[in-house]
Each structure stands twice: as structure tokens, then as C-alpha cells.
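Protein chains: 4
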Amino acid sequence: MATDAQQACFEAGIKFGSLYHQFAGTPVSPSSTRSLEAAMAESIENQPHCEAVDVSIRDDRVADAIDHENGYTELTGSLMDVRMRIAYEGVTVRTRMAMKDGYPLMELVEVVDGDRSGSGDADSSPGADPNA
Amino acid sequence: MATDAQQACFEAGIKFGSLYHQFAGTPVSPSSTRSLEAAMAESIENQPHCEAVDVSIRDDRVADAIDHENGYTELTGSLMDVRMRIAYEGVTVRTRMAMKDGYPLMELVEVVDGDRSGSGDADSSPGADPNA
Amino acid sequence: MATDAQQACFEAGIKFGSLYHQFAGTPVSPSSTRSLEAAMAESIENQPHCEAVDVSIRDDRVADAIDHENGYTELTGSLMDVRMRIAYEGVTVRTRMAMKDGYPLMELVEVVDGDRSGSGDADSSPGADPNA
Amino acid sequence: MATDAQQACFEAGIKFGSLYHQFAGTPVSPSSTRSLEAAMAESIENQPHCEAVDVSIRDDRVADAIDHENGYTELTGSLMDVRMRIAYEGVTVRTRMAMKDGYPLMELVEVVDGDRSGSGDADSSPGADPNA
Chain A
1 MATDAQQACF EAGIKFGSLY HQFAGTPVSP SSTRSLEAAM AESIENQPHC EAVDVSIRDD
61 RVADAIDHEN GYTELTGSLM DVRMRIAYEG VTVRTRMAMK DGYPLMELVE VVDGDRSGSG
121 DADSSPGADP NA
Chain B
133 MATDAQQACF EAGIKFGSLY HQFAGTPVSP SSTRSLEAAM AESIENQPHC EAVDVSIRDD
193 RVADAIDHEN GYTELTGSLM DVRMRIAYEG VTVRTRMAMK DGYPLMELVE VVDGDRSGSG
253 DADSSPGADP NA
Chain C
265 MATDAQQACF EAGIKFGSLY HQFAGTPVSP SSTRSLEAAM AESIENQPHC EAVDVSIRDD
325 RVADAIDHEN GYTELTGSLM DVRMRIAYEG VTVRTRMAMK DGYPLMELVE VVDGDRSGSG
385 DADSSPGADP NA
Chain D
397 MATDAQQACF EAGIKFGSLY HQFAGTPVSP SSTRSLEAAM AESIENQPHC EAVDVSIRDD
457 RVADAIDHEN GYTELTGSLM DVRMRIAYEG VTVRTRMAMK DGYPLMELVE VVDGDRSGSG
517 DADSSPGADP NA
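Here it is as C-alpha cells:
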């Protein structure tokens, strides 16, 4: 059997892949970023073990990406920052999507096993964003 | 060349296919219907010639469609009513998606050619919904 | 009521919007273009009144779009050429997606009303691609 | 820091969420299942650390799901079986999607840490499908 921490990380990955591929390609402009952010967060929060999702679509990046007169572009990972918190059987996983080398990288920020604090499976690095 | 009315109907179809296939499959529950409706309407309104999009996701249908303990379902045509108004070169096209024989049917409600009122290409059937 | 030619154009637009927004964002590399082309064409051909869909994902454009070491990119309109033939009540509509000013434009190639050849609703411009 | 096994499980989840939400909603009929299976597998195999993806869309379930005269339905988790193998830093993760209580459940089949055989993070349950 996989450990609870591994199951929690698997669940965290599912949420990220779901959010990205459900909404990538959505027409977006600076005037529709707020409603899209809200829908993305609330829809993924419906999924099991998903406690919180924060999506920030960068208006400035959206504006820069609009390269034709129609005034909109399509949502891609480079236009947004995403943070999620997943909880599974006492384990809390924080994840984020950040740009790295011009590529949106989904990554684990920390995995905290409430039942085994300080174990090799846990992490409380001060660098972790408490708001994630 | 296609007529302006034909071009307007082609544009109307693009918006409907886009809205449906971009958002079908999105996790949805009665608590996330409003934000999803807003994002769907605002994102498609970004597309060329799209003047208005109205999406109504039926909370009662969503609740009925939730068939497992996780408390959410996936968006499909049977859970929502959609109306759109497209304008192209003086032609206004009204469309809607309504359930027919248990299948969500996308249909033209009316095609009004402002430049050729009363022509064979136009329609002002009283049945058309002025709010569409 | 809308004319058969207008209904045919509406159906043609639905197919294009569906194809684009169902598959935009799909991970693609030169090694997976053929299978994606086939799936896109066969899935959309399932839709009503859709007689033929031809999708050509350009391997060279895909290779050029791969901007990170992971060796793949996401499908967008700029990487493919699409042609479709829709038939509705005796009217045949040919459409295509082509790049215009760096933007993938979906357009009507011709609308041929078999019942009213030569009418204002029909077009047999020699410029139209018979393979479309 | 998360362990390699946790990172591997996170990557496995990303692939599953991506596959599901990229392709859910795709029009499918018994005549287009093979091409869709191939495209789904090959596209997701492009993603980092994804060694193998096997998608089996059940023709019989697709046929049963076609509830209207148009002769096709939309892809959902209940119509397919999926297995994946992810490899990350010496850890191999096998996952599958199977129906449970009428709901398509994505689950970890096994997590094998080649560097720490027999550790609490590893699993070689005979029930695991070697073809996964």
C-alpha cells in the first residue's frame, strides 16, 4: 500500500492536472480574468480532499499575450499563478505552479504529515507560503 | 462568397461549440454554479462578433446529477440553458441550447438581417426570446 | 425560420468550435501528431451533419514550438490546418482554419445549396479547394 | 523537501488529471474508440516522467451510453479503463482508473522505490498488474 503522504501527493497532482487541462485554451482578456479565476478555484475545490485553490491570472501577462486585434488570448500556464492545499488522512500537501525557464512548472511546496511531524515525509520549511 | 447572414450563423455556431467543449467536464456542485456561469459567459463574449452570452446552470439538475458521495458532478449540456446573441455586418443571430428528447440541442432562434428586413434570410417570429 | 444554408453554416461553426476547444492544450510532439490528427477528425465526424474532417498538425511547427527541454508543446491553432465538409438538407458547406496575421482564422470556404444552384446563397468559386 | 516517492506520486496524479480533463467530453462512438485511445495515450506519454499509458475505451459501454439518434456520446470516466506507469528518480508508480460504486476512481496501484526496496514506501503486492 502507498503511504497516506503518497496518496495525498497523488491527489494533489490530480487537482493540478485537472485544473490545467480543463481550462487551458479558454478565451481570456483583462476584462474576464476575475470571473475565470473564481470559476477555476471553485470548480476544482469540488474535488475530493481539495481544501483550497487560489488562481491568479496576471492581467499584465494577459495584455502582453494579446497579439491580434481581436482583443483576447487563450489561457495557458504562463498567464497564471496557482496554489492549492490538499488534505488526506491527516497529511496536508501544498502545491503551486510557477514559471521556471519560461515553462509553467507544477511543484510540491510541502508535505506535512500531522501524524508524524518531523518524519522524513514531512516538511515545514519556512520558505513555504502560509497562504498557499 | 457566403452571405453576411451565413457568416453570422457560422460565427454563432463557433461560439456554441467553443463554450460547450471548453467547459464540458468541469467539476460542478450547487455551490459553484454561479461562478462557472459567469466565467463561461465572459470568456465566450471575448470572441469576435459575440455580443451577449447567458448561461444558466440549473442547481436542481446539478443536485440530481450528483450520484456519488463526493458531492459534485461534471458539467454537461443537460445541466444548463444557454442563449447567445451574435452580430456580424448588420446581421443579428440569436441562438440557444435547449433539451430535446433528452439531448441538448443547439439551435438558431432567429436570424435578423438589419439591411434586408423582411427578406427570406430574416426572421422575427414572436416566439423568439427578446432576452436571448 | 433560418434558411437551410444558414442552418448548415451554423452546424459548420459548431463543429469548428468543438474541435478547437476540445483539443486545444493537448500535449503534442512530432511523435504523437498522427494519432492526435486521427482522433480529432474521427471524433468530430461523429457530430450531426459532419461529413468529413481533415486535420493536419504540422510537425515542423510543433518542433519549432517546443521551447523547453521536456520535448513537447500544447496544441494550438497555429500548429494545425483544418478542413471540414458539412452537409445539411441539401446544402454543402466547406470550411477551413488557416493562419492570418499570425492568428488562426476559421472561415467559410463555400456554401453550395444543391437545391438552388447559382442562388445568392450558393458559391462555386474556382478558388475553393475541392479537397476541403 | 518531499521524498522522491511523494514526487513520483504527485507526477502520477498530474498525468491522470490531465488525461481526464483534456479528453472528457470528446464525441465518441464505437467507430472512433481506437483512434481516441491512441491519441490519449500518446499525448499524455509526452509529459515528463510518464513511461506508459494504456487507455481502453469500452465499445460496449459506449454503445450503451448512446441515448439519442445521433449515434454518439461524450467521453466520461465510466466508459474507459486507464492504466499508467510513471517513473521519477528511481521510483516507479503504477496507477489505474477503475469504476467504484458507479464512480470512476483514480487510484495508486503501487509505489516501488528501486533505491529502497522493502521500505514502507514500497509495495510489490501480487495484485498489481504487471502490464500497467
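Protein chains in written order, with the working numbering: chain A, 1 to 132; chain B, 133 to 264; chain C, 265 to 396; chain D, 397 to 528.
Beta carbons are placed, not taken as given, at the ideal position from N, Cα and C, and that holds for glycine.
CB contact flag (residue i, residue j, <8 Å)
i	j	result
Val-187/B	Ala-173/B	yes
Ala-38/A	Glu-45/A	no
Ile-410/D	Met-106/A	yes
Ile-189/B	Met-212/B	yes
Phe-406/D	Phe-23/A	no
Asp-400/D	Gly-486/D	yes
Asp-455/D	Thr-488/D	no
Ala-134/B	Tyr-220/B	no
Gly-71/A	His-285/C	no
Ser-427/D	Ser-299/C	no
Gly-138/B	Leu-283/C	Reading off the sequence shown, one finds Gln at residue 138/B, where the question assumed Gly. Cβ atoms of Gln-138/B and Leu-283/C: not closer than 8 Å.
Arg-490/D	Glu-465/D	no
One or two residues paired with residue i in a DSSP bridge
i	result
Ala-98/A	Leu-105/A
Glu-42/A	DSSP output for Glu-42/A lists no bridge partner at all.
Arg-325/C	Answer by DSSP bridge pairing: none, since Arg-325/C is not bridged.
Cys-314/C	Ile-350/C
Glu-206/B	Pro-159/B
Met-116/B	This structure cannot settle anything about residue 116/B, because the visible part of chain B is limited to 133 through 264.
Thr-429/D	In DSSP, Thr-429/D forms no bridge with anything.
Glu-374/C	Arg-358/C
Asp-463/D	Bridge partners of Asp-463/D: none, in fact.
Ser-18/A	Per DSSP, none; premise fails for Ser-18/A.
Reference residue i; option with closest CA among the options
i	options	result
Ile-198/B	Arg-217/B, Gln-138/B, Ser-161/B	Ser-161/B
Gly-209/B	Pro-423/D, Asp-509/D, Ser-431/D	Pro-423/D
Leu-75/A	Ser-175/B, Gly-246/B, Gln-139/B	Ser-175/B
Pro-368/C	Tyr-352/C, Gly-281/C, Asp-324/C	Gly-281/C
Thr-337/C	Pro-444/D, Asp-460/D, Val-507/D	Pro-444/D
Val-376/C	Leu-283/C, Ile-350/C, Asp-328/C	Ile-350/C
Met-99/A	Cys-50/A, Ala-12/A, Val-82/A	Val-82/A
Any C-beta of chain E under 8 Å from that of residue i
i	result
Gly-473/D	This model lacks chain E altogether, as its protein chains are A, B, C and D.
Check: residue i C-beta below 7 Å from any heavy atom of the ligand NAP
i	result
Asp-64/A	What this structure holds is no ligand at all, so the ligand NAP is not there to describe.
- Task: Compile a chain-ordered list of the residues in the segment 349-383 of chain C whose CB is closer than 7 Å to at least one CB of chain D.
- Result: none
- Residues of the segment 154-168 of chain B with a CB closer than 7 Å to any CB of chain D: list them in chain order, please. Ala-156, Gly-157
- Item | Contacting positions in the segment 51-70 of chain A - beta carbon closer than 8 Å to chain B | Asn-70
- Query: Which of the residues in the segment 402-416 of chain D, read from start to end, lie with their CB under 7 Å from any CB of chain A?
  - Reply: Gln-402, Gln-403, Cys-405, Phe-406, Glu-407, Ala-408, Gly-409, Ile-410, Lys-411, Phe-412, Gly-413, Ser-414, Tyr-416
- Query: Mind listing which residues of the segment 38-50 of chain A have their C-beta closer than 7 Å to chain B's C-betas, in chain order?
  - Reply: Ala-38, Ala-39, Glu-42, Ser-43, Ile-44, Asn-46, Gln-47, Pro-48
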